[in-house]
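Peer 1:
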């Protein structure tokens, strides 16, 4: 039988065993992370994004726009912060706004005007205006009846003089006494009137002690400072959901619109990020498309100015607008994923992307990077950075308690939180990672990528590092060790990871049940993977498949269930591959109906990685040969060749639990490098089944509980591992089955078409 493998292929597999030693040599510069230094340059603290960092430095030099495209957790927000810090340190004093933005009343109650002026000058102007208005309000004339009082007093004196004169005249002319009486009565009346005026004056003065002039109309004309650069020192505005209100600004609603209580438009105006912030960071550009703000943004980016308008609501500010323009010379820093990028390429023929590229760059964030000595050292640096961050978090959360009450109090409080006793020497303090623990972190980065790369989706790794820290802290271990990280991996799962764990538990018992009740003919253990949309983590799980192939009127394949387009096409591809083999070996032409069942895969199947498993299951049923249920298989079938698939590392990890009873797996030859991370901190050796190379990993100490992984180039290699048959024997049994089927069909034809023959 021809050998599918060359001599060099066996050497390549043996070289895989050197990976753990090579990786450890790349980390020879430290024994634990206390020996690792963190770069002082903030941008160098972002790892795995060399191209993006070079672009950021170049764009910062030119003050251009940036669009970062990539998956969550790849460092887009960190790079935006670094970009801001670089601008602040390089020429921040020159791009920070220096003028205050002042709003004045416009030509009518619905219009305002803007002016840019130094805040110190505006302070003096506003102080003088307010003092003048206060003076006008307080300049109330004192209430006085002095004129009336003086008039009554003069009349009283005149009447008294007349009375005295009439008395003198009455001595000589008695009727004059009549005038004396009338003058006296008049004097008494005027005296009373004088006192009445004095009383009224006193009452009015006491009542008007706090009276002030109404000066609201004057205050309504005082300019309003809408932006003071002395109070807002941050260069960058973060906008999570961009729309006209937070990007451009607007006019607030006035609940007092009548009765001389209304608020003028310029005092209800407020400014958005365009007018106030040199840098605008839009964290998720998809929201900008949802609120239909893209057209406004394009216009402002082009003209660098805009008119402030009241908006489309029907409130009191709907009709308000400015008479002149606001300046808007902003640097746009935006982030999006690839779906949004596709939309932007079509929207307005890529107008937004054109604006970005005109004065900036579109940066593709790496989801995974090749594992090199530099990236391995960056990964170790990243672990050190997260240890430092955890120490800062401890100080922020517990610093006051430690300072006032000491670590004993922290221990008691922590015991209450976790509901269990902690070690006597427990100390809530970050621990350094030893080299073995860092190797486990790098292993996780490798497992979450493929093709010998390290995953750049680091946010989930943050949680993993912290979980490992707490494992060591609660154990009071001086260092975080590899076992702490492995325990953290089991417990720190994404949402999809938790779901996958539950499914795997179910599949474990399902597999044992099926194996105990069947002859294993037509049954095969495929390997599937669930992709976590939030964290990017892949979670493998076993996928039991049952296949049948029966004589039929026509060639067809039936695969019921929620199958995606790729999965349906893969099933058709398997049918074509089997028919091609039958034609090549000269088997009689017989129609076959093929049935594929993904056992209890209720959530649906997509992808072509089960095509090799389907082929093995159908051939097993066709030639009535049992399949070894202790081996899983994955791969994409093209003719007889097995091609690479994704998530191989996680697929294998999902069946390495000894409780599942699996003993090995067959994977595509092209996925051989995906086995490297599984060799870290394990005992392993090279193996070979006939001509098929493989690696044996021991799941327990002292080379106990072996797990064999074979690298298959063709489906016949998988047949040999899973069914123990070589190519010639499989083909001979296929020919034999086809002949029997043809004889059966020929024997049935007379009965079907010639009833008289009965």
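Numbering (my numbering), first residue to last: 3 to 760.
We put the CB at the ideal spot given by N, CA and C, even for glycine.
Apart from the five residues just before and just after residue 501, which ones in its own chain have a Cβ nearer than 6 Å to its Cβ?
Peer 2: With a pLDDT of 47 at residue 501, under the threshold of 50, the modelled position of this residue cannot be trusted, and the question is left open.
Peer 1: Given a cut-off of 8 Å on the beta-carbon distance, is the pair residue 472 and residue 424 in contact?
Peer 2: It is not a contact, given that the beta carbons lie outside the stated cut-off.
Peer 1: To the nearest whole angstrom, what separates the beta carbons of residue 723 and residue 673, a pair I think is in contact under 8 Å?
Peer 2: Actually they do not touch by this definition, with Cβ atoms about 15 Å apart.
Peer 1: Taking just the CA atoms, how far does residue 445 sit from residue 742?
Peer 2: Roughly 52 Å separates the two Cα atoms.
Peer 1: Grab me the residues of residue 18's own chain with a C-beta within less than 8 Å of its C-beta, minus the 5 sequence neighbours each way, in chain order.
Peer 2: These residues qualify, in order along the chain: 674, 675, 677, 678, 681, 697.
Peer 1: Mind checking which residues open and close the beta strand (DSSP E) that includes residue 294?
Peer 2: Note, residue 294: premise wrong, no beta strand (DSSP E); not H, not E.
Peer 1: Short of 7 Å in beta carbon distance, which residues of its chain neighbour residue 227, apart from the five on each side in sequence? Order them along the chain.
Peer 2: Same-chain partners within the cutoff: 102, 104, 124.
Peer 1: To the nearest angstrom, how far is it from the Cα of residue 418 to the Cα of residue 400?
Peer 2: Answer to the nearest angstrom: the Cα atoms are 15 Å apart.
Peer 1: From what residue to what residue does the beta strand (DSSP E) around residue 416 run?
Peer 2: Careful: residue 416 lies outside any beta strand (DSSP E), inside the alpha helix (DSSP H) at 409 to 420.
Peer 1: For the 8 Å Cβ check, are there 3 or more pairs between the region 329 to 343 and the region 5 to 17?
Peer 2: At 8 Å Cβ cutoff, the stretches do not touch.
Peer 1: DSSP three-state call for residue 202: helix, strand or coil?
Peer 2: Here residue 202 sits in helix by DSSP.
Peer 1: Verify whether the separation of the beta carbon atoms of residue 68 and residue 362 is less than 8 Å.
Peer 2: Yes, these two residues count as a Cβ contact at 8 Å.
Peer 1: Can you give me the C-alpha to C-alpha distance between residue 193 and residue 156, rounded to a whole angstrom?
Peer 2: Roughly 10 Å between the two C-alpha positions.
Peer 1: Cβ atoms of residue 48 and residue 77: under 8 Å apart, would you say?
Peer 2: Cβ atoms of residue 77 and residue 48: closer than 8 Å.
Peer 1: Return the Cβ separation of residue 394 and residue 404 in integer angstroms, given the expectation that the two are a contact with Cβ distance under 8 Å.
Peer 2: Incorrect: roughly 14 Å between the Cβ atoms, too far for contact.
Peer 1: Thinking C-beta only, is residue 493 closer than 8 Å to residue 469?
Peer 2: The answer is yes: Cβ separation under 8 Å.
Peer 1: From which residue to which residue does the alpha helix (DSSP H) around residue 591 run?
Peer 2: Per DSSP, residue 591 belongs to no alpha helix (DSSP H) and is neither H nor E.
Peer 1: Could you spell out the range, first to last residue, of the beta strand (DSSP E) harbouring residue 370?
Peer 2: Residues 370 to 372.
Peer 1: Three-state secondary structure (DSSP) at residue 428?
Peer 2: It is coil, neither helix nor strand.
Peer 1: Considering only C-alpha positions, which residue in the set 264, 225, 287 is nearest to residue 243?
Peer 2: For residue 243, the nearest C-alpha among the options comes from 287.
Peer 1: What would DSSP say about residue 758, mapped onto helix, strand or coil?
Peer 2: Its pLDDT being 45, under 50, residue 758 is placed unreliably by the model, and the measurement read from it follows with that caveat. Residue 758 falls in the helix class under three-state DSSP.
Peer 1: Give, in chain order, every unbroken run of the alpha helix (DSSP H) that is at least 4 residues long and sits entirely within the region 602 to 663.
Peer 2: Correct list: 613 to 625, 650 to 656.
Peer 1: With DSSP as the reference, please indicate the residues paired to residue 116 in a beta bridge.
Peer 2: Its beta-bridge partners are 105.
Peer 1: Name the one or two DSSP bridge partners that residue 667 has.
Peer 2: Its beta-bridge partners are 634, 711.
Peer 1: Secondary structure at residue 1, three-state DSSP: helix, strand or coil?
Peer 2: Beyond the ends of the chain as shown, which are 3 and 760, falls residue 1; an answer cannot be given.
Peer 1: Look at the alpha carbon of residue 625 and the alpha carbon of residue 656, and state the distance between them as a whole number of angstroms.
Peer 2: Going by the C-alpha atoms only, they are around 30 Å apart.
Peer 1: Using three-state DSSP, classify residue 500 as helix, strand or coil.
Peer 2: With a pLDDT of 47 at residue 500, under the threshold of 50, the modelled position of that residue is not reliable, and the figure given next carries that caveat. Helix.
Peer 1: Got a sec, what are the start and stop residues for the alpha helix (DSSP H) residue 164 sits in?
Peer 2: From DSSP, the alpha helix (DSSP H) with residue 164 extends over 148 to 174.
Peer 1: Are the Cβ atoms of residue 683 and residue 484 separated by less than 8 Å?
Peer 2: In this structure, residue 484 lies closer than 8 Å to residue 683 by Cβ.
Peer 1: Only counting the same chain, and skipping five residues up and downstream in sequence, which positions put a Cβ closer than 6 Å to that of residue 572?
Peer 2: Cβ within range, chain order: 610, 613.
Peer 1: Could you please give the first and the last residue of the uninterrupted alpha helix (DSSP H) stretch that includes residue 221?
Peer 2: Note, residue 221: alpha helix (DSSP H), 218 to 221.
Peer 1: If you draw a straight line from the C-alpha of residue 491 to the C-alpha of residue 308, how long is it?
Peer 2: Each residue's Cα considered, the two are about 52 Å apart.
Peer 1: Label residue 584 either buried or exposed according to how many other C-beta atoms from any shown protein chain fall within 10 Å of its C-beta, with 16 as the threshold for buried.
Peer 2: With 16 or more Cβ atoms within 10 Å of its Cβ, residue 584 is classed as buried.
Peer 1: For a test of the three-state rule: what should DSSP assign to residue 324, helix, strand or coil?
Peer 2: The answer is strand: DSSP assigns residue 324 an E or B state.
Peer 1: Whose C-alpha, out of 357, 267, 304, is nearest the C-alpha of residue 321?
Peer 2: Among 357, 267, 304, the Cα nearest to that of residue 321 is on 267.
Peer 1: Can you list, in chain order, the residues of its chain whose CB lies under 6 Å from that of residue 489, leaving out five sequence neighbours each side?
Peer 2: Closer than 6 Å at Cβ, skipping near neighbours: 473.
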